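Shown next as structure tokens:
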């Protein structure tokens, strides 16, 4: 798997990258540079080792430099000496973890670094039992809590723009004033509104739980009235929400025309607080509307028609459904636009990728049959062309395009018997044919269905022209850089230290995860992922004890991000879930707790525990959307959401 573990000290970062995609892949421990300093070393380990190398730092007790939060939440607490072992013992000063060992000579967890091992983890078990017995069990209460937990994350996402980006931009004159005004004048009102909205929701939950100091009369065990009031007020913000398409377009145009702005945005995305691509944060307000709609649908489904909160809940659902319908078409176009720009960053010299009418369909790993045998390649399917690439030996780990197959006139043939390779098929275009193999039958069916659908669309358009056809990207390699065909995975791994010293690159983008996990995702999957986001506390089981550790978890973009608390500004670790299996532990695993789910990929196994049946089902639902195969039924149910 691929994990990113970051220290709590500003500017320090530990990236643990475990690449399970190929037989020669190896885990690596890499440090991102601080303030432009070069990387001073990389620790390598073998693929057979289940545990990663983790290095702790003794100076974590220094106070973390924080920028104050402008939301209703307090700034991140200062975390000190968090290198606590899994038994909850005291931290060991100046501890340096040898490969696969924690300070107490136990195996270190591949998910949680010592930074996340806290004494509170063991005590969390008993605390949660008491809490579950004390607080309400009504499903509506847990739905209200989901509003609060996801709103906290949404407010933090807004602050990436209104606080962190704005403060960074103010120190650099690379962004035109008109673009600054466009972005911040439309995000600040949203941040102000949702700060107050979150306070109202949290106050209602406090009354619901009976822990408020306010001695008020009335029925406060409901949330529909709060949602209705705020959704009605939210409609006044539609003028700002309609600007988000323009914001995204103008920012990408600015990046295209200014290398300084391009470098600025690239550097900002390397900051720990920017845990997703920057342009995803620009679309978050549109995504959030869909989340409100889903929440109100669940609440209305839960309430009987004679419930006191049903009328307000149904009215709130009608209001938010109207807002979503008004902005839906614009959002779909922007999601495709955002995805094309995101993919462009992962491809070498593909500046003409984003063109009017081009729509993304699927990306993923397939093996291409050649004279050298099967070679792993990364494929990108659009509505007019299929690109195949390999990971280039470049400082940024981008992918180099090897070939382009126009879809107009293409044919697909089953080739398993002809070549004796499982899950193998041939793609015949007008001027070239290639033989490819998927990792399994499900992946093969996904690719052949999507390619055939794209072929049919291209035929119906009767337009064989494409900007890609016949054009090769310019050769931007330096003289000493070998071509991709000359490199092997061993060369790539051996070169990683020097490459990282030149320019670190996010290794957990969806493209890289698909490469290492040998899987694929479609635009339908991305659309489903936008709808399936969740935040909240989970208990994570320690590997070598019966203790459980309480963590704040954000699930988005096929990935779980882990925090000490919801007040933290950036995640301490992340776990991309593409390729993982989601199950419930068997009796033989001796978990003996309710609401536990299990995530496993190859030798990596993690157990997480939810606080209630409702939250357990919600975590299972959203995670299954990222780990389970997209069925044809699911695809058809999202036909209207698919931009092609």
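Residue numbers (full-length UniProt numbering): 1 to 644.
Quick reminder that beta carbons are idealized off the backbone N, C-alpha and C, glycines included.
Just so you know, these numbers come straight off a predicted model, no measurement behind them.
Looking only at 311, 619, 163, 225, the smallest Cα-Cα distance to residue 190 is reached by 163. 8 angstroms or more divides the Cβ of residue 443 from the Cβ of residue 428. With 16 or more other Cβ atoms from the protein chains shown falling within 10 Å of its own Cβ, residue 165 counts as buried. Residue 222 is positioned such that its CB atom lies closer than 8 angstroms to that of residue 140. For residue 176, same chain residues with a beta-carbon under 7 angstroms away, outside a window of 5 residues either side, are 254 in chain order. For the pair of segments examined, the region 346–362 was found not to touch the region 418–435: the number of CB pairs separated by less than 8 angstroms stays below three.
Here the alpha carbons of residue 158 and residue 570 stand approximately 13 angstroms from one another. Residue 537 is bridged by DSSP to 552. Taking C-alpha positions only, residue 420 is separated from residue 528 by approximately 36 angstroms. Ranked by how close their Cα comes to the Cα of residue 598, the residues 227, 619, 290, 613 have 619 in first place. In this structure, DSSP gives residue 302 a helical state, which the three-state scheme calls helix. Nearest C-alpha to residue 576 among 625, 306, 616: 625. A contact is defined here as three or more CB-CB pairs under 8 angstroms, and the region 320–332 meets this definition with respect to the region 230–242. Between residue 320 and residue 293, the beta carbon gap of about 5 angstroms places them in contact (Cβ cut-off 8 angstroms). Annotated three-state conformation of residue 584 is coil, per DSSP.
The beta carbon of residue 168 sits closer than 7 angstroms to the beta carbons of 268 from its chain, once the five residues preceding and following it are set aside; these are given in chain order. Counting the other Cβ atoms within 10 Å of the Cβ of residue 323 gives 16 or more, which makes it buried. Around the beta carbon of residue 178, a 10 Å sphere encloses fewer than 16 other beta carbons of the protein chains shown; the residue is thus reported as exposed. Ranking 230, 138, 522 by CA distance to the CA of residue 313 puts 230 first. If you compare the alpha carbons of 147, 379, 219, 431 with that of residue 521, the shortest gap goes to 379.
For residue 413, DSSP records a beta bridge to 426. Under the DSSP assignment, residue 378 falls in the beta strand (DSSP E) whose first and last residues are 373–382. Residues of the same chain with a CB within less than 6 angstroms of the CB of residue 183, apart from the 5 flanking positions on each side, are 247 in chain order. Three or more Cβ pairs closer than 8 angstroms define a contact, and the region 331–344 falls short of that threshold against the region 385–395. For residue 522, the enclosing beta strand (DSSP E) covers residues 520–522. Counting only residues of its own chain and dropping the five nearest sequence neighbours on each side, residue 530 has a CB closer than 6 angstroms to the CB of 287.
By the Cβ neighbour-count rule, residue 371 is exposed, with fewer than 16 other Cβ atoms within 10 Å of its own. For residue 271, the closest C-alpha among the options 160, 364, 536 is that of 160. In the three-state scheme derived from DSSP, where H, G and I count as helix and E and B as strand, residue 516 is classed as helix.
In this structure, the beta-carbon distance from residue 607 to residue 584 does not fall below 8 angstroms.
Remark: C-beta atoms of residue 369 and residue 385 do not approach each other more closely than 8 angstroms. With fewer than 16 other Cβ atoms inside 10 Å of its own Cβ, residue 411 counts as exposed.
Secondary structure of residue 623 (DSSP, three-state): helix. Cα atoms of residue 611 and residue 259: separation of roughly 48 angstroms, rounded to the nearest angstrom.
Secondary-structure assignment with DSSP links residue 406 through a beta bridge to 385.
Shown here for residue 535: same chain residues with a beta carbon closer than 6 angstroms to its own, the five before and five after excluded, namely 149, 150, 153, 554 in chain order.
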